[in-house]
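The numbering of the sequence shown is UniProt numbering, which starts it at 1 and goes up by one.
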Amino acid sequence: MDVSVKRWSMIRPAQDTPKERQWISNLDVVVPTDHVPLLFFYKPNGSSDFFKPQVLQEALSKTLVQFYPMAGRLGRDENGRLEILCNAEGVLWIEAETASAMDDLDGFTPCSKLRKLVPTADYSGDISSYPLIMAQVTTLKCGGVCLGIATHHTLTDGTTAFHFISSWSEIARGLPQISMPPLIDRTLLRARVPPIHRFHHLEYDPPPSLNTSTSLGPNTHKPSTVSVFKITQNQLNTLKAKSWEHGNKTNYNTYIILAAYIWRCATKARGLSYDQPTKLNMPVNGRPRLHPPLPSTYVGNAMFAASLITLSGNLQSEPFVNTLERVHGTLKRMNNEYLRFWMGSTNIHGSSKRCP
């Protein structure tokens, strides 16, 4: 896919905004320091001007007045710790076009060519050199439009990103104001001083090393592939029926059932030896779990990792309901006390995408 950039600019807040250096929480520090891409596709409706980039530009500028950290840059405080520089330098805006159509996009399955529909940052310079939010409107050959948005993970988690995009869309639709104004106060997640450690947080531990006895072997690395597996309602009903076996009386929700099932399937498919530890990481929204609850409008990262580890042999031999209980118990322990101690840790490992 060839994408041609027609024009670009920096969109700044429509009004003066606070100039400040914002402290960020440990949750903002531990996430990967790069941008997360989001793609939105719009089919043509027969009108030649059904999608007006100028309207989006103006709405973005107005939205940045309340979401002013989004127009800032990353920086470091006197101790070298990451912080957000609220300096209104702006959001990168790109307008582009391509000769490809929606039918050429393989059913929107994630792939390398879709990366061309969202801006990319140059991380080779100083951390303050690139925008925290980038947006690209690409007109397709079929008349459709793709809106690609990249949000820096230090700035937002998924909840904040979609809150920002939803607010932007409200202004673009002509609403006089944002229905849910953002809460900009990351000190709500400031760690306890001095930190108290009452739990062993498995989330901090590096991924388990591969045993030399595993059938994969040290020199049998294979290229990664991306696939989308669609779970039918009948398949889900079958799994739910299995969750009631062996006298179980707990009504597990769909997420727990699918997480447990996928973990078991992935372990078996990878051919891990029975003595190989395997670790499952699950994202957990801390907003409703903290006390007092963190408002849904909080701007920043409030996602925690819920982790559990067991031997491959357990997953491949134990009843399905046992794996369900493992997952359920891990999510259940993610309460206010556990999360507060998590934020107080001084022994934080960087993110790792390696399995198991």
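All C-beta atoms in this analysis are idealised placements derived from N, C-alpha and C, irrespective of residue type, glycine included.
Beta strand (DSSP E) containing residue i: first to last residue?
i, result
"G21", "Here residue 21 turns out to be Arg, not Gly, going by the sequence shown. Here the beta strand (DSSP E) through R21 covers E20 to W23."
"T238", "Note, T238: premise wrong, no beta strand (DSSP E); alpha helix (DSSP H) at Q233 to K242."
"Q136", "I133 to T139"
"C86", "L82 to C86"
"C10", "Correcting the residue type first, residue 10 is Met in the shown sequence and not Cys. Where M10 is concerned, the enclosing beta strand (DSSP E) stretches over V3 to I11."
"V36", "H35 to Y42"
"S307", "M303 to L311"
"G329", "Element bounds for G329: not the beta strand (DSSP E) but the alpha helix (DSSP H), F320 to K332."
"R76", "R73 to R76"
Do you know how far the Cα of residue j is from the Cα of residue i?
i, j, result
"H349", "N26", "Caution applies to H349, whose pLDDT of 44 falls short of 50 and renders its modelled position unreliable; the model cannot decide the point."
"Y42", "L311", "45 angstroms"
"P13", "C142", "33 angstroms"
"E89", "L64", "11 angstroms"
"G46", "W244", "51 angstroms"
"S273", "L280", "17 angstroms"
"K268", "S112", "28 angstroms"
"Y204", "M180", "34 angstroms"
"G107", "G72", "35 angstroms"
"P32", "K116", "21 angstroms"
"Y261", "A302", "26 angstroms"
"Y123", "Y130", "7 angstroms"
"I309", "A191", "26 angstroms"
"Y68", "D185", "12 angstroms"
"I231", "A241", "15 angstroms"
"R7", "N253", "47 angstroms"
Which residue comes first and which comes last in the alpha helix (DSSP H) that contains residue i?
i, result
"S169", "G158 to A172"
"C265", "T254 to A269"
"V30", "N26 to V30"
So residue i and residue j are in contact, right, with Cβ under 8 angstroms, and what is the actual spacing, rounded?
i, j, result
"T160", "V299", "5 angstroms"
"V327", "A259", "5 angstroms"
"R264", "T323", "6 angstroms"
Excluding sequence positions up to five away, which residues of its chain have a Cβ less than 8 angstroms from the Cβ of residue i?
i, result
"G75", "R21, L82, E83, I84, L85, I127 and S128"
"M102", "F41, K43, L140, C142 and G144"
"P295", "L183 and R287"
"L38", "V118, G148, I149, A150, T151, A161 and I165"
Name the residue from the options whose alpha carbon lies nearest to the alpha carbon of residue i.
i, options, result
"K62", "N45, L290 and Q177", "Q177"
"residue 358", "E337, L39, K242 and A96", "Residue coverage of the chain in this structure runs from 1 to 356, which leaves residue 358 outside it and unanswerable."
"F320", "A305, T254 and H246", "H246"
"Q316", "A306, N301 and R270", "R270"
Tell me which same chain residues have a C-beta within less than 7 angstroms of the C-beta of residue i, skipping the five on either side of it?
i, result
"R289", "M334, N335, N336 and L339"
"T297", "H163, M180, P181, P182 and L183"
"residue 360", "No information on residue 360 is available, as it lies outside the stretch 1 to 356 that the chain covers here."
Within its chain, find whatever has a CB closer than 6 angstroms to the CB of residue i; leave out the 5 residues flanking it on each side and keep chain order.
i, result
"D49", "none"
"I133", "M70, V91 and T151"
"G313", "Y274"
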